[in-house]
Amino acid sequence: MCAEGGIFEKLSAAHQLYMTLKTSEDDPHIKNFAVVKDNIVEDIRCELTELQAKYKALQEKVMSLSYLF
């Protein structure tokens, strides 16, 4: 899931994965829910970590530019 795209698209994808996780909890056809859960949680964690790093870098850039004005 850690792919290029806009912030809203990435957050939407993370939300979609979370909803898949919640739906999978009650699915009798999924025999090993723990594996599914671990994979989805890891994807969401990866995506949020990437977004946090981008946000921090952008925030630092804005702060450095604010001294020019």
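Numbered according to this note's numbering, the sequence shown spans residues 285 to 353.
In this text, a Cβ means the ideal position worked out from N, Cα and C, and glycines have one as well.
I'd like the list of long-range same chain contacts for K321, defined as Cβ closer than 7 Å, with 5 residues on each side in sequence excluded.
L305, listed in sequence order.
Which runs of the beta strand (DSSP E) spanning at least 3 residues fall entirely within the stretch 287-312, listed in chain order?
Correct list: empty.
CA-to-CA distance, T307 to H313, given in whole angstroms
H313 and T307 have their C-alpha atoms some 12 Å from each other.
Just to confirm, is the Cβ distance from I328 to A297 under 7 Å?
In this structure, A297 does not lie closer than 7 Å to I328 by Cβ.
Under a Cβ-count criterion, where at least 16 other Cβ atoms within 10 Å of its own Cβ denotes burial, should E331 be classed as buried or exposed?
Result: buried.
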